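Here the structure is laid out as C-alpha cells; the discussion comes afterwards.
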Amino acid sequence: MSKTVAFLGASSGVGLATLRATLAAGHRANALCRTPANLTAHLPLDAHPNLRIVAGNAHDAAAVAQILRKDATHLVDTIIFTIGARMKGLSFEDPHVCENGIKALLDALTRLRADGLDGRPRIVVCSTTGISRHGRDVPLLMVPLYRLTLAVPHVDKRAMEVLLESSGEDFTVVRCSLFVGAASDATIRVGVEDPVAGTESTAIGYTISRDDAGRWFAENLVKQDGAKFLNKIATITY
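The sequence shown begins at 962 in the working numbering and counts up by one.
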C-alpha cells in the first residue's frame, strides 16, 4: 500500500537518502525546504511526480502543517525528521535547531487535529549515539571526541528526544553513530532501547554513512512498519 510521508531536512544527508528510497519504492512524499532548489538539484520535480515540495522554515508551525496533510481529512502516514545543527566557524549555527523543530512539528499536528484532521503518523527522528541515559553506546575511544566537540548538538538532540517521548505521539528515535561520507557494504548492526525500561539490545560501533543510514530508515520505517521500533530508540552502526 502506498504511503504519504512528510520530510523535514530532506535536502541533504540522511533525509535525502531516505527520500530517494521512499520515492523509489513508489510512495508519495511532501518535503519542507527552506530553499527548494537545494532539493530539486538532486530530485527534479518533472522526474519525480510523487514529490511535493513546500518552501518554508522547519521552525514555523504553519509552514510545517502544509506538508502534514495526506488529503483533505487525513494526516500523513509517517514523518521523517532529520534536521540538525550546522557548523558556523568553530561553533554551531543554531544550538536549539532540533529542539525548536520538534516543538514546531508537535504544534502543527495539534493545530491540524483541532481543524478536524484524523491520523496518527509515526514521527521518525534522526538522533545520535552518545546521549543514552542507560549506559555507554559508543566505543570508549570515542567518548573524549564526543564530549569535547559535540556537546552542544548532543544537548539539542537530547532535548528533542525528551519532547518527543513525552508528546503522546507514536515515534521512533534513530541514533546514528558518527557519520562518514562514503557508503559501505558493511552490515548495519542495530541496538534497541526503551526510553523507560532501558537497553533491550546493544550495537556499539564507530561510524555509519549518511546514505546507508537513510536507506535503513526507508527500509525499516517506511517500506516496513518497523513494529519492533515503535516508541523505541534504535541505534544503527557498522
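Every residue gets a Cβ at the ideal spot worked out from N, C-alpha and C, and that includes glycine.
Quick caveat: nothing in here was measured; it's all calculated off a predicted structure.
Taking the Cα of L1066 as reference, the smallest distance to any Cα among N999, V1116, I1197, D1021 is reached at D1021.
Classified as exposed, R1081 has fewer than 16 neighbouring CB atoms from the shown chains inside 10 Å of its CB. Around the beta carbon of N999, fewer than 16 other beta carbons sit within 10 angstroms, so the residue counts as exposed. Per the C-alpha coordinates, the member of R1013, T1160, S1170 positioned closest to I1092 is T1160. Here the alpha carbon of K1031 sits roughly 10 Å from the alpha carbon of D1079.
In this structure, DSSP gives A971 a state outside helix and strand, which the three-state scheme calls coil.
Between V1151 and I1197, the C-beta gap is smaller than 7 Å, which places the two residues in contact. For N999, no pairing in a beta bridge is given by DSSP. Within its own chain, the residues whose Cβ lies closer than 7 Å to the Cβ of D1055, once the five positions on either side in sequence are excluded, are A1046, listed in chain order. In the DSSP annotation of this structure, the continuous segment of the alpha helix (DSSP H) that includes T1110 starts and ends at 1104-1110.
Annotated as proximal: Q1027 and V1015, with beta-carbon spacing under 7 Å.
Within a 10 Å sphere around the beta-carbon of L1106 sit fewer than 16 other beta-carbons, which makes this residue exposed.
Sequence-distant Cβ neighbours of T1168 in its own chain, meaning closer than 8 Å and more than five residues away, are S1138, L1139, F1140, V1141, T1198, Y1199. When DSSP states are grouped into helix, strand and coil, L977 belongs to the helix group. DSSP, read as helix, strand or coil, puts L1036 in strand. When the five nearest sequence neighbours on each side are left out, the beta carbons in the same chain lying within less than 6 Å of the beta carbon of T979 are those of I1041, G1175, F1178, A1179, in order along the chain. Taking C-alpha positions only, G1062 is separated from L993 by approximately 12 Å.
Per DSSP, V1183 is not a residue of any alpha helix (DSSP H), being assigned neither H nor E.
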